[in-house]
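*Asks:* Provided herewith is a single structure, encoded as structure tokens, for subsequent inquiry.
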Amino acid sequence: MVLKALTDAFIIAKRDLTELYRTPFRLAMMFVFPILIIMLFGFMFPSSSSFNGVHIGIVNNDSGFTLNGQTVYLSNSFMSLVKYNSSISFDNYSSLALAESALRSGTIDSILYFPQNFTSTSLSGQPTLSLSNTNPTSPTLEEYIDAKVSAASSVLSAEIVNGTVYKLNSELVGLPKINPEFVISPVVVSSLPILSGNYFDFIGPGLIMLLSMMAGLTALGSALSREKEDGTITAVMLSPIRTGSFLTGKMLSQLIRSLIQSAVIVILVILLFHMSFNGNILLTAVILILGIFGFLGLGLLVTALTKDQETSQLLLNLVFFPMLFLSGVLYPLQELPGVIADIARALPLTYGVQAFRQVVIFNAPISSVWPSMLILFLFGAVSLGIAVPVFLLKKGSGN
Amino acid sequence: MEYSIIADKLTKKFGDFTADNAISLKVKEGEIFGILGPNGAGKTTLISMLTTLIKPTSGHASVLGHDVIKEALEVRKSIGVITEKVTMYPPLTAEENLMFFGRLYGINKKDLEQRINEGLEEFQLSKFRKRPVGTFSLGMKRRLDLVRVLLNEPKVFFLDEPTVGLDPITVSFIKKKIRDINKRGSTIILTTHIMQDADELSDRVALIDHGNLMACDTPRNLKKKLGRNATLENVFIHYAGAELRDETEKMSLAPRRGM
């Protein structure tokens, strides 16, 4: 009996996958939608090397500083440092007004303004002022340029301090020499050499887990709704197959297709957005499977309680959107206010995202993520435990 | 066995609405048994209960001696059901659909391939076996549906409106096939709104209205009761009334396709 049940489940799963393979549009959409989501977020929250074609308008009034017949322009050094290791290009403007006009029209993304005394004031040991103004309509671009300008400013400042301290040291005869690095930064904090990451490393795993949840939530539901609407489920249920085998087969096919879908997305985000992937592949796959499994029951329950695909889709949106914003996909839970954070902790996706992120980014072992995995499994088992009887009840009553 | 189907006070309620009310009938082995009635009369609900798709609220029924509730799998093994809507997967080819359904009946691959070949040949679909069912005409789909239900060599067939929407040539072809199947010894339960089909094909007919069994006899006897030149349509109107009726909201809650 068990063998027959398993064989039937396998037959159902094979048919589902054959149908998917025979439906190019559905097959394409299986990848297009998640890829689109990933691309959107990938470009919204890019890694440091992802920005291309950034234009900075330069208004350079720096008259330099002449010493021993040689004129030095620190503004040039500053610009070289900003440009270092990036695809930033500079456009020169004769006045701040013209540059501002170009910024408003979108010709340039940011302005760097150097006053006339930029070099002379800097070298005389006085703080100097340069202006930077970036297009605020793109927060991530603003953040990127600010980081570049800030880094350039730090390096240039260090160089100036180095020169000044060197000069001082040469005048301090018989006294301990001053370490220029101490003057620049009296307290040094170094990062532990574990792993480094960018913002996409944070949201990437969260998005992958979110898409797995969506697959689990919608795939079984829409597959069953389609069969209900086409009437094919009637023909299947009229054959000597147990409902359990039918549902197992359906879940198996959805797990396989969702796993393939997730694998493609993982590869894509690694290649396109350089997301760090340091985790154990098997553990990653198990968490993904649990993520999909965790939401199959909820999807089935919604399908059983609704009459058509459209209604179930509307209900599923009610589940999807809170999960998107509250499960730590886009923001760390620590950023959420008290009550919202408590709600987030009650959502199963939160645990999926946490576990997946820890494994993918920090190569966390199973001993650190098993509680989250258990929560996902239990949520899946309990929701299926409720959904299957409801589905059977609805089937038996003919609704 | 004398009777293929026995229904004893079979009742189905959906909330306050009674779709079928204590229907009792017996269908003899090898009989073509017509079930007639207006829309919403309770025919499809009755068939859904007999084919194990839905559970009765009360009463009992058996098909080939198997209880429809306690031995649902046994019942399903021995029946073939054609629903009003063609139930094939459009993206799959005719052959893939038949292989899928055949395997659900546990038929071994060799036998299944042979039955598929014979079935497609008999229903003149051999040359379309590799084509997706979604490209088939309604008539072809209906013929393929018949090939499907023959795969497990059932003893009892439930045919719900098998000729609806088909052209006269296909109707004639399918009617002939129904007779052929019956000649092989199978029992056939036929629901139809086409009185001529019911009259031509059925050995006996049951007339159901408002969930109640109004009459059950041979078409000849039923007509005879109304006079010399009475038709089955006259019988239908006699029991169901001539007034146009729409399904009420409650009636529309009753299952159409069993799920």
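One line per chain: the protein sequences are A and B, in this order.
The C-terminal position of the first sequence is numbered 398 in numbering that gives the first Met the number 0, with every residue numbered one higher than the one before it.
The C-terminal position of the second sequence is numbered 258 in numbering that gives the first Met the number 0, with every residue numbered one higher than the one before it.
Where is the CB? At the ideal position from N, CA and C, for every residue including glycine.
(1) With B/Lys154 as the anchor, note down where its beta strand (DSSP E) starts and where it stops.
(2) Tell me, which residues are paired with A/Leu91 by DSSP?
(3) Expressed to the nearest angstrom, what Euclidean distance is found between the alpha-carbon atoms of A/Leu295 and A/Ile269?
(4) Counting only beta-carbon separations shorter than 8 angstroms, does A/Val387 have a partner in chain B?
(5) With a cut-off of 8 angstroms, does the C-beta of A/Ala234 fall near any C-beta of chain B?
(6) What three-state label does DSSP hand A/Tyr165 in the structure shown?
(7) So, with DSSP's three-state summary, where would you put B/Met213?
(8) Measuring CB atoms only, is the segment 219 to 232 of chain A touching the segment 257 to 265 of chain A, in the sense that at least three cross pairs come out at less than 8 angstroms?
(9) Could you give the residue range of the beta strand (DSSP E) that holds B/Asp7?
(10) In chain order, what residues of the same chain have a beta carbon less than 8 angstroms from the beta carbon of B/Gly122, not counting five sequence neighbours either side?
(11) Would the beta-carbon of B/Asp7 fall within 8 angstroms of that of B/Gly41?
(12) Could you check where the alpha helix (DSSP H) with A/Gly351 kicks off and where it finishes?
(13) Less than 7 angstroms between C-beta atoms, sequence neighbours within five positions excluded: which residues of the same chain meet that for A/Leu314?
(14) Against chain B, which members of the segment 226 to 260 of chain A pass a CB distance test of less than 8 angstroms?
(15) Span of the alpha helix (DSSP H) holding B/Asp166?
(16) Below 8 angstroms between beta carbons is the criterion; list the residues of the segment 92 to 117 of chain B that meet it against any residue of chain A, in chain order.
(17) How far does the beta strand (DSSP E) with B/Asn20 in it reach, from first residue to last?
(18) Could you give the DSSP three-state label for B/Phe100: helix, strand or coil?
(19) Per DSSP, what kind of secondary structure is A/Val108 in: helix, strand or coil?
(20) Scan the segment 6 to 22 of chain A for residues whose Cβ lies nearer than 7 angstroms to a Cβ of chain B and list them as they occur along the chain.
(21) Flag this pair as touching only if the segment 36 to 51 of chain B and the segment 99 to 117 of chain B have three or more C-beta atom pairs under 8 angstroms; answer yes or no.
(22) Find out if the Cβ-Cβ distance for the pair B/Thr92, B/Pro153 is shorter than 8 angstroms.
(23) Chain A partners of B/Pro277, CB-CB under 7 angstroms?
(24) Could you name the residues of the same chain whose beta carbon sits closer than 8 angstroms to that of A/Ala343, not counting the 5 residues immediately before and after it, in chain order?
(25) Would you say the segment 139 to 158 of chain A touches the segment 88 to 97 of chain A, given that touching needs at least three Cβ pairs under 8 angstroms?
(26) May I ask you to report which of helix, strand or coil DSSP gives A/Asn178?
(27) Would you call the CB atoms of B/Ala229 and B/Asp208 closer than 8 angstroms?
(28) Less than 8 angstroms between CB atoms is the rule here; does B/Thr247 satisfy it with respect to chain A?
(29) Taking Cβ-Cβ distances shorter than 8 angstroms, what residues in chain A pair up with B/Pro131?
(30) If we count the other Cβ atoms within 10 Å of its Cβ and call it buried at 16 or more, is B/Asn96 buried or exposed?
(31) Counting only the same chain and skipping the five closest in sequence on each side, list residues whose C-beta sits under 8 angstroms from that of A/Ile55.
(32) Taking Cβ to Cβ, would you say A/Glu228 is nearer than 8 angstroms to A/Asp307?
(33) Please confirm whether B/Thr51 and B/Val74 have their CB atoms less than 8 angstroms apart.
(34) When Cβ atoms are compared, which residues of the segment 63 to 80 of chain B fall closer than 7 angstroms to chain A?
(35) Hey, out of A/Gly351, A/Val368, A/Glu309, A/Ser79, whose CA is closest to A/Met208's CA?
(36) List the residues of chain B that A/Lys3 touches, going by C-beta distances under 8 angstroms, in chain order.
*Replies:* This is what the structure gives:
(1) No beta strand (DSSP E) contains B/Lys154, which DSSP labels as neither H nor E.
(2) The question names Leu, but residue 91 of chain A in the sequence shown is Asn. DSSP output for A/Asn91 lists A/Ile57 as bridge partner(s).
(3) 27 angstroms
(4) no
(5) yes
(6) helix
(7) strand
(8) no
(9) 2 to 13
(10) For clarity, residue 122 of chain B is Phe in the given sequence; the question names Gly instead. Arg142, Leu143, Leu145, Val146, Lys176, listed in sequence order.
(11) no
(12) 347 to 361
(13) Val301, Thr305
(14) Lys227, Asp229, Gly230, Thr231, Ile232, Thr233, Ala234, Val235, Met236, Leu237, Ser238, Pro239, Ile240, Arg241
(15) Note, B/Asp166: premise wrong, no alpha helix (DSSP H); not H, not E.
(16) Glu95, Phe99, Phe100, Arg102, Leu103, Tyr104, Gly105
(17) 16 to 27
(18) helix
(19) Correcting the residue type first, residue 108 of chain A is Asp in the shown sequence and not Val. Coil.
(20) Asp7, Ile10, Arg14, Thr17, Glu18, Arg21, Thr22
(21) no
(22) no
(23) Shown here, chain B extends from 0 to 258; a query on residue 277 of chain B therefore has no answer.
(24) Leu325, Ser326, Gly327, Leu332, Leu335, Thr349
(25) no
(26) coil
(27) no
(28) Low local confidence applies: a pLDDT of 49 at B/Thr247 is under 50, so the model's placement there is unreliable, with the coordinate-based value given in what follows. It does not; no Cβ of chain A falls within 8 angstroms.
(29) Arg21
(30) buried
(31) Val81, Ile87, Ser88, Phe89, Asp90, Ile107, Asp108, Ser109, Ile110, Leu111, Ile144
(32) yes
(33) yes
(34) Leu72, Arg75, Lys76, Val80
(35) A/Gly351
(36) Gly105
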